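Numbering follows the UniProt record's numbering, in which position 338 of the sequence shown is assigned residue number 338; successive positions increment by one, without gaps.
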Amino acid sequence: MPGHYMKKTSCTRCPKNHASPGGSKTTACTKCLAPFTANPDQSECIDRLAWSHWGGDLSNRRWSQVEKKLTVAKAGKLKVKWEADVAGSTSATPTIHNGFLYVPDWEGNVFCLKAATGEVVWSKQVKDYISQLGVPLPANLGVFPLISRNSPVIYNNELVILGTMQAVYGGYAFWLALRASDGALVWGKQADTNIAATITQSPTLYEGVIYTGISSLEENVASRQAHVCCSFRGSAAAVDARTGDLLWQTFTAPDIGRGANDSWAGASIWGSSPVVDRQRGQIIVATANNYRMPLDVEACLLALGPLTVANSPQQKVCMQLSRGNENHHNSILALDMKTGAIKWATPVDGPDAWNAACLSSNPAVRDNCPAVEGPDFAFGQAPMLVTPCKPGKGCKQLLIVGQKSGIVWALDPNDGSIAWNQRAGPGGLIGGLMWGSASDNKLVYVSNNNMYNTKVDFQGADAYLKPVPNVKGEKVAPASTNGGLCVALDAWDGTVRWTFANPMLDQAGRNAKSLAAITVANGVLTYASMDPTGRLFMLRATDGKLLGSYDLGASSACGPSIVDGVLYSGTGYTNFALGTAGTKVIALTV
């Protein structure tokens with residue numbers, strides 16, 4: 001059985017309030033000491049008063065597992081606890097630690113707020129940190145600020161650690177460690193010297209090591225005529241949290257040394273936060289599309305004519321040219337925690353090379369577009385390590401991840417073999433499934449952006465999505481939608497259980513999109529809308545019933561953090577001109 005690691009009839013657990021890798025009873029059972037408590041899996045000791053990073057736990061499930069105050073009965077009756085003014089939009093999930101909230105905004109600021117009141121403790125600018133490192137600032141800084149879009153992690157109660165980039169252009173990919181008490185720079189290290197490199201993926205911290213992916217905006221920069229495309233190669237890295245020293249870096253594409261226009265480029269790692277699989281000693285990430293492929297690979301593929309299922313074996317032969325076996329685009333990777341060595345790699349589709357030059361009608365710009373143009377069906381999120389159980393069948397662990405294609409994939413964490421896959425709505429350049437999914441081990445919850453506003457026919461071909469009523473008081477589900485979707489799937493086998501269609505309208509009068517990561521807590525699901533009001537829906541996790549909703553004041557691409565009965569969310573998102581700007585961080589409470 002894929003992912004099987006214990007049988008229900010013989011499953012033994014650690015003693016109460018103890019945890020072990022994988023959650024089964026082993027010699028590694030460790031008592032959780034206050035303020036930590038064992039999570040329901042008994043796989044991790046967690047602080048019930050903290051949201052430690054983007055994914056919430058080492059399994060990246062965005063599940064507030066010990067939440068008790070927020071309930072299904074109270075989810076529709078939340079009140080504003082406080083609103084804090086920031087300088088720009090905030091799309092990163094706020095990190096909550098020791099009574100403080102840490103979050104960056106899109107104007108280049110990093111904030112520390114009191115979680116109880118929203119009072120600003122300190123705020124700093126990313127550009128000032130970069131200047132302190134002796135790095136010249138860009139000439140266009142006034143238009144395209146240096147920013148972080150990460151959920152920070154907190155090391156040893158002392159350091160706030162996050163990654164940086166320049167908005168729109170990319171570059172300035174640094175890891176920064178800030179003193180938690182006052183925001184002073186403790187250390188800073190450049191992650192990648194490529195002119196468009198970025199750190200988009202939020203870090204995961206485990207035993208003093210930061211794990212994160214490195215991405216770039218060269219995919220967009222390729223649309224500029226003067227740029228020779230492409231040279232960036234994605235990678236995953238491990239960094240000493242205390243010093244910033246690089247422990248290992250593993251690239252997802254080979255350097256074949258033939259120049260930017262004859263290269264494997266892309267395969268970046270940019271979504272949510274990596275999984276730390278303690279049981280198997282591995283880090284799990286997912287990669288994006290190629291920006292470019294070597295010329296011999298393109299020639300081989302072009303000779304096949306239209307790429308079809310029928311000639312997919314020949315496509316695989318072409319993709320092996322020029323060390324193509326080292327090119328891991330649109331793949332899930334398991335990396336050894338200690339060395340970064342690739343333990344296994346699972347690609348989920350065929351050739352997919354794309355960059356923004358492909359959108360241009362200017363022939364000089366289109367020279368940067370790959371000769372074999374793909375759909376850009378990257379992974380824009382990291383997998384989750386999920387442990388579903390079935391009566392009489394036991395329990396198993398699966399790595400589950402959503403793709404921009406709209407497909408959800410489940411893999412065996414032992415060897416990367418595919419256990420199941422399921423379509424959860426349309427795909428697109430900007431989703432499909434993007435920034436983050438959630439799971440409570442029973443169901444998996446994904447947000448589909450539906451970038452192209454594709455019609456979803458719930459009474460026809462898309463009836464398998466099982467729509468539920470999406471307006472308060474309505475008893476009938478919508479017949480169709482052309483907007484975003486929240487889809488719940490059975491974690492065991494991928495069967496769709498229900499779909500909530502975003503009922504809000506965007507500025508063009510279409511059903512609005514939905515980019516934000518989902519969060520689940522105590523039977524309650526959050527699902528945010530990109531409409532101008534930033535409607536945040538509270539849904540019953542078991543069946544998608546609408547419990548209530550709240551206007552956040554601007555388009556929302558922020559998946560909330562939920563701690564001790566309080567929901568924390570940023571507001572606003574204007575990247576790719578998709579929504580409206582915000583200047584608030586908001587706390588809602590029971």
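Where is the CB? At the ideal position from N, CA and C, for every residue including glycine.
Predicted model, so just to flag it, every value in this text is computed and none were measured.
For residue i, which of helix, strand or coil comes out of DSSP?
i	result
residue 610	The requested residue 610 is not part of the displayed model; the chain covers only 1 to 590.
Pro2	Its pLDDT being 38, under 50, Pro2 is placed unreliably in this model, and the value from its coordinates should be taken loosely. Coil at Pro2, not helix or strand.
Leu141	coil
Val221	helix
Cys14	coil
Cys389	strand
Phe100	strand
Lys584	strand
Lys8	With a pLDDT of only 34 at Lys8, under 50, the local geometry of the prediction cannot be trusted, and the value read off the model is given with reservation. Note: Lys8 maps to helix in three-state DSSP.
Phe576	helix
Glu67	coil
Pro347	strand
Leu246	strand
Leu359	helix
Gly163	strand
Gly188	strand
Glu119	coil
Gly170	coil
Glu158	coil
Gly305	coil
Gly559	coil
Gly22	helix
Gly324	helix
Quick check on the DSSP output: the alpha helix (DSSP H) that includes residue i runs from which residue to which?
i	result
Val365	Pro363 to Arg366
Leu302	Leu295 to Leu302
Cys395	Counting along the chain, Cys395 falls outside any alpha helix (DSSP H), though it belongs to the beta strand (DSSP E) covering Gly394 to Lys396.
Val317	Ser312 to Cys318
Got a sec, what are the start and stop residues for the beta strand (DSSP E) residue i sits in?
i	result
Ser447	Leu443 to Asn448
Phe111	Asn109 to Lys114
Tyr155	Val153 to Tyr155
Gly55	Here Gly55 belongs to no beta strand (DSSP E), and DSSP marks it neither H nor E.
Thr37	Phe36 to Ala38
Thr204	Thr204 to Tyr206
Tyr291	Asn290 to Arg292
Ser331	Ser331 to Asp336
Ala73	Looking at the DSSP string, Ala73 is not in any beta strand (DSSP E), and its letter there is neither H nor E.
Gln403	That residue, Gln403, is in no beta strand (DSSP E); it is neither H nor E in DSSP.
Measuring from the CB of residue i, is there a heavy atom of the ligand GTP at a distance below 8 Å?
i	result
Pro313	The ligand GTP is absent from the structure shown, which contains no ligands of any kind.
Less than 9 Å separating the beta-carbons of residue i and residue j?
i	j	result
Val126	Pro104	yes
Ser273	Ile214	no
Leu176	Gly188	yes
Arg48	Asp564	yes
Ala461	Ser89	no
Ala334	Gln397	no
Gln381	Met434	yes
Gly76	Met538	yes
Ala19	Glu44	yes
Val348	Trp264	no
Trp51	Ser561	yes
Leu247	Ala236	no
Thr339	Gly416	no
From the DSSP output, read off the bridge partner residues of residue i.
i	result
Thr198	Ser215
Thr589	Lys79 and Val566
Gly45	At residue 45 the sequence reads Cys, which differs from the Gly that was named. Ala38.
Gln125	Asn109
residue 610	Since the first residue shown for the chain is 1 and the last is 590, residue 610 is missing from the structure and cannot be characterised.
In chain order, each beta strand (DSSP E) run of at least 3 residues that lies wholly inside the UniProt domain "Pyrrolo-quinoline quinone repeat" (405–554): Qualifying beta strand (DSSP E) stretches, in chain order: 407–411, 418–423, 443–448, 485–490, 496–501, 519–521, 524–528, 535–540 and 546–551.
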